[in-house]
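These protein sequence lines map, in sequence, to chains D and R.
The opening position of the first sequence corresponds to residue 1 in my numbering, with each subsequent residue numbered one higher.
The opening position of the second sequence corresponds to residue 1001 in my numbering, with each subsequent residue numbered one higher.
One structure below.
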Amino acid sequence: MNLVFYGGGDDNDNSELNSECLKLVNKKSPRITYIPSCSYDSEWHFKKFVDHFQKHKVTQFIHFPIDVPFDKILLSEVLKSDLIHLSGGNTYYFLKHLRKSGMAKLLKEFVKRGGVLTGLSAGGIIMTPIITTASFPAWDRDENEEKIKNHKSLDLVSFEFFPHYVNSRRYDQVLVNYSKKSKRPVYATPDGSGIILKEDEITFFGKNYAFYKGKKFILSQHLT
Amino acid sequence: MTAKKAKIKQTYKSQTYPKFKTVNGNHPLKAIGDDYSVEYKVRKRHGGKVAAFNFDLAKEIGLIPQGHPNQMNPDLEASILDTFAIIIINEFDQMNNRKFPEEDIKKHTYMATRYLQLQHPTKLGKTSGDGRSIWNGQVKHKGRSWDISSCGTGATRLSPATHTKNKFFESGDPTISYGCGYSEIDEGMAALFFSEILHANNVGTERVLGLIEFEKGYSVNIRVHENLMRPSHIFNHLKQGNYDTLSSLVSHYIDTQEKNKTWSKVPKKETDRLDFFLDRQSEVFAKMAADFEDEYIFCWLDWDGDNILMDGSIIDYGSVRQFGLYHSEYRYDDVERFSTSIIEQKSKARYIVQTFAQIVDYLKSKEKKTIKEFTNDKCLKNFDEKFIQYKDEKILYKVGFSKKHSDFLLKKDLKLVQKFRKAFSYFEMAKSKKGVEKVADGINRSAIFCMRDILRELPQLYLTRNEFITQDEFIEIIKSNYATKKDLEDTAYRKKQLSDFQKYYWELVRKTAKGMRQSESKVLLDVSIRSSIVNKYDRVTGDSITTIVDRLMKKRPKINSEELYEIMKEFTQFQTLDPDQDRSTSSEERRPSKFMTGMFKIVREYREGL
């Protein structure tokens, strides 16, 4: 299984992490699909995404919004991608449309086949078993306007993911409290940091933290 | 007073808006006198409130300072109402000796302008023109000028109703709908949304500065453009043989275009200026006709030169639409007649240019010849050439080529561009075998293919496959909801066109790659990114605007003018499909508000419609 979790930030923050993703793909001319969390103004985000990966000599990109109808023809090409990136945005809206479009299931199969799946913020949360971490902290959470009751997600890893983490007391308080209730460890990742899963090996890129059973841990195995 | 209101009162610093005072009915065209307009005294119309205000436009024309927050305040609202909440003292008022408080009557008169309208029986323009509008004046800012007019300011003697019923009407007379001189808030709202979207997408249009709402849904809708003159403003004087007025109006138009720097290198000598005018007008109308076709904009053009401005910009959104597909056989049913169709707009635009040629000749020779004598005027050749040129440029833009790539292709292999355009046009023009059907407000024979979809997907598929897609795949992508099984049946000719489409598309990419010394995949990638913006899945149509405005009207009591402005701005941004725009984005995708989401669903639902 090849997965990359981005804590957040812009392309400059994530430049090195992007390079790590491409190493995972290990192909001279990889095909990358960009799945936006919402089609709203996703063309512009796609443009920025392409601008960045073009610097790494990637030339094959597909923009694939899943909250608008799509045809099987482009879908079949998407599923042949080497890397699929799930963008940031509203986690509830994203999950709703991944399920509704049938993409949630297809993405799991894609990962099983060895495809690299990456996710930034909401996209990263989507890859975990449950999206509860999108609902806090109160000052920076996603609104569940879609009124999604089933928060189960792709379940590709055994941890939960908390993006945009800021190493501060108020964040820690919220995460410590949550981790007391959760069965799984919660990995908290600041902007510019990330988590790389290659087969069964996990690597923490930049500073990462874990919250488990009410305690906070600093995660080692840094790449940088 | 609530605590919140008290706080606002404490922190609010009184402001003045002196520029509004300059909008007082005066306009350079007043000097022409009765030939150009009927002048009315106006009075304040009480009971209005500002329903919408276009802060960006107000800043652009200098009515409010550049750094002004996009927030209404009591002084700004008072200035807007004092300037624009007005109603004419019309013939009915005078005949019935109605008295109005002296302090309510404005100092200057305001013009209701005369212009030709085909629905008026005499067809000379002596009795037609602004039936429910007046010109508020002209504002100048940073070396440019803008005309401002308002719709819904009372019944004038130039309305069709006055002429056909041979009587003057009281403003607001409920027995005569259109002729009552009032306009309605939903009309204004539709114009506000539609015009801002088209403006953002570089289509020339009047813009809405604000809407003032009165009881019963009536409103004054304030419109702005650099030059609000229509061809019909001068065509009436040609018909009537008013040489002096015609000459003054044409001069005014040329002068304004020059002063506003819309036109440069305008000759000094009078006859040269007229030739220059004719050249520009044929180009302007050729571009307009090409744009309307390519953007699927339905604007009821006719020989009278109404519904359009002299510079080819749209005015009067009553019957303007943007189709999702090329519904080129749609006709609006105006009870007494059917409108022209999109495809006929070109010939109407061409006829308008022919009339410009007749005008220029008349002004030069002082002898009025018949329009037929200009059937082969060189300006029409210019029009035809420019029309084709704009069509060629536009097809490359729609495919997703950048200006640089497009210029290269047009220069190096124009024939290839035109061969591709022909294949493109075959699919764009394809219509349903169901034939002409009645639609809500007219008739239509539906288009069956969505060209935006194929232009958006094709470069991505080529990029990943590096080969043609199959015929079945092509049709699967391009078919719209209007297409029936029968419509999609294979024919030898369609197969040929389909093959040509792909062949020429690839050739365009290859030629560009070679000429620009780039790889084909790099060119395809650039095309793909631009095309995803130009051919966005969700594009607004006339039906979607109408439905959105209906929904907005239901929500409106809870939405103030600032919120409405924000909604309009967000919606316009969502619909700005210009890939050359420099739009900053956050690192994560924004999800629109719940209300906006509802609007987008409407856009999606009607994306292929009228």
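Note that beta-carbon positions come from the ideal geometry of N, C-alpha and C, so glycine has one too.
Range covered by the beta strand (DSSP E) that runs through residue i
i: Met1111(R); result: Ile1105 to Thr1113
i: Ser42(D); result: No beta strand (DSSP E) holds Ser42(D); the alpha helix (DSSP H) holding it covers Ser42 to Gln54.
i: Trp1146(R); result: Arg1144 to Cys1151
i: Tyr212(D); result: Asn208 to Tyr212
i: Ile1212(R); result: Arg1207 to Glu1213
i: Glu1437(R); result: Glu1437 to Val1439
i: His63(D); result: Gln60 to His63
i: Glu1329(R); result: Unbroken run through Glu1329(R): none, as it is neither H nor E.
i: Asn1443(R); result: Residue identity check: residue 1443(R) is Ile in the sequence provided, not Asn. That run of the beta strand (DSSP E) goes Gly1442 to Asn1444.
i: Ile1371(R); result: First-last for Ile1371(R): undefined, no H or E at that position.
i: Lys215(D); result: Lys215 to Leu219
i: Tyr34(D); result: Arg31 to Ile35
i: Ile1087(R); result: Ile1086 to Ile1088
Boundaries (first-last residue) of the alpha helix (DSSP H) holding residue i
i: Gln1581(R); result: Where Gln1581(R) is concerned, there is no enclosing alpha helix (DSSP H), given that its DSSP letter is neither H nor E.
i: Arg1494(R); result: Ala1492 to Met1516
i: Arg1337(R); result: Element bounds for Arg1337(R): n/a, residue is neither H nor E.
i: Lys1601(R); result: Lys1594 to Glu1605
i: Asn18(D); result: Ser15 to Val25
i: Arg1230(R); result: Taken as a continuous stretch (DSSP letters only), Arg1230(R) belongs to no alpha helix (DSSP H), as it is neither H nor E.
i: Ala1423(R); result: Leu1414 to Met1429
i: Ser1037(R); result: Per DSSP, Ser1037(R) belongs to no alpha helix (DSSP H); it is in the beta strand (DSSP E), Ser1037 to Lys1044.
i: Lys1381(R); result: Lys1378 to Val1399
i: Leu1616(R); result: This structure does not reach residue 1616(R), given that chain R is present from 1001 up to 1610, and the question cannot be answered.
i: Val174(D); result: Arg169 to Lys181
i: Met1095(R); result: Glu1091 to Met1095
i: Met1553(R); result: Gly1542 to Lys1555
i: His1252(R); result: Tyr1243 to Lys1259
i: Tyr1537(R); result: Where Tyr1537(R) is concerned, there is no enclosing alpha helix (DSSP H), given that its DSSP letter is neither H nor E.
i: Lys1364(R); result: Ile1342 to Ser1365
In DSSP terms, what residue i is bridged to
i: Phe162(D); result: Ala188(D)
i: Thr118(D); result: Val4(D) and His85(D)
i: Ile1134(R); result: Ser1150(R)
i: Tyr1218(R); result: Glu1184(R)
i: Phe1053(R); result: Gly1210(R)
i: Glu201(D); result: Lys198(D)
i: His1225(R); result: Asp1147(R)
i: His1141(R); result: Arg1144(R)
i: Ala1447(R); result: Lys1431(R)
Cross-chain neighbours of residue i in chain A, by beta carbon under 7 Å
i: Glu145(D); result: Of the protein chains in the structure, D and R, none is chain A.
CB-CB length for residue i against residue j, believed under 8 Å
i: Phe64(D); j: Phe70(D); result: 7 Å
i: Thr1271(R); j: Leu1301(R); result: Incorrect: roughly 29 Å between the Cβ atoms, too far for contact.
i: Phe217(D); j: Tyr178(D); result: In fact, because the Cβ distance is near 15 Å, the residues do not count as touching under 8 Å.
i: Ala1112(R); j: Ser1014(R); result: Not really, about 35 Å apart at Cβ, beyond 8 Å.
i: Leu74(D); j: Leu1461(R); result: 7 Å
i: Gln1322(R); j: Tyr1362(R); result: The pair is not a contact, with the Cβ atoms about 36 Å apart (cut-off 8 Å).
i: Gly1181(R); j: Ser1195(R); result: Wrong, their Cβ atoms sit about 22 Å apart, outside the cutoff.
i: Asn1236(R); j: Arg1114(R); result: 6 Å
i: Tyr165(D); j: Ala188(D); result: 4 Å
i: Asp1526(R); j: Ser1406(R); result: At roughly 12 Å, the Cβ-Cβ gap does not stay under 8 Å, so Asp1526(R) and Ser1406(R) are not in contact.
i: Lys1434(R); j: Thr1491(R); result: Not quite, the Cβ-Cβ distance comes to about 17 Å (not below 8 Å), so this is no contact.
Listed from N- to C-terminal order along the chain, which residues in the stretch 20-45 of chain D have their beta-carbon within a distance smaller than 7 Å of any beta-carbon of chain R? When C-beta distances to chain R are compared with 7 Å, the residues of the stretch 20-45 of chain D below that value are Arg31, Pro36, Ser37, Cys38, Ser39, Tyr40, Asp41, Ser42, Glu43, Trp44 and His45, in chain order.
In the stretch 68-88 of chain D, which residues sit with their C-beta less than 7 Å from some C-beta in chain R, listed in chain order? Residues are counted here when their Cβ sits less than 7 Å from a Cβ of chain R; for the stretch 68-88 of chain D these are Val68, Asp71, Ile73, Leu74, Glu77, Ser87 and Gly88, given in chain order.
When Cβ atoms are compared, which residues of the stretch 1327-1360 of chain R fall closer than 7 Å to chain D? Result list empty, no residue passes.
Along the stretch 1563-1582 of chain R, what residues have a CB closer than 7 Å to any CB found in chain D? Phe1574
Using a Cβ-Cβ cutoff of 9 Å, what residues of the stretch 1105-1135 of chain R are near chain D? List them in chain order. none
Contacting positions in the stretch 52-63 of chain D - beta carbon closer than 8 Å to chain R: Gln54, Thr59, Gln60, Phe61, Ile62 and His63
Is it the case that the stretch 27-43 of chain D contacts the stretch 153-165 of chain D, given that we only count it when at least three CB pairs across the two stretches are under 8 Å? no
Touching or not, the stretch 1144-1153 of chain R and the stretch 1067-1076 of chain R, by the rule of three or more beta carbon pairs under 8 Å? No, the stretch 1144-1153 of chain R does not touch the stretch 1067-1076 of chain R.
Using a Cβ cut-off of 8 Å, which residues of the stretch 1458-1476 of chain R contact any Cβ in chain D, in chain order? So the close ones are Gln1460, Leu1461, Leu1463, Thr1464, Arg1465, Ile1469, Glu1473 and Glu1476.
At a CB distance below 8 Å, what residues from the stretch 1532-1552 of chain R approach chain D? Give them in sequence order. Ser1532, Ile1533, Lys1536, Tyr1537 and Asp1538
So does the stretch 120-132 of chain D actually touch the stretch 86-99 of chain D, counting three or more Cβ pairs closer than 8 Å? Because the criterion of three Cβ pairs below 8 Å is met, the stretch 120-132 of chain D and the stretch 86-99 of chain D touch.
Could you tell me whether the stretch 1570-1586 of chain R touches the stretch 1048-1063 of chain R, using the rule of 3 or more Cβ pairs below 8 Å? Taking 8 Å as the limit for Cβ pairs, the verdict is that the stretch 1048-1063 of chain R does not touch the stretch 1570-1586 of chain R.
Does the stretch 1117-1128 of chain R come close enough to the stretch 1090-1107 of chain R to have 3 or more Cβ pairs within less than 8 Å? no
According to a CB-to-CB cut-off of less than 7 Å, which residues of the stretch 88-118 of chain D neighbour chain R? Gly88, Gly89, Asn90 and Tyr93
Identify each residue in the stretch 1492-1509 of chain R for which the Cβ-Cβ distance to at least one residue of chain D is less than 9 Å, and report them in chain order. none
Short-range partners of chain D found in the stretch 1509-1521 of chain R, where Cβ spacing is below 9 Å: Ser1519 and Ser1521
Is it true that the stretch 1498-1515 of chain R meets the stretch 1574-1582 of chain R, where meeting means three or more beta-carbon pairs spaced less than 8 Å apart? no
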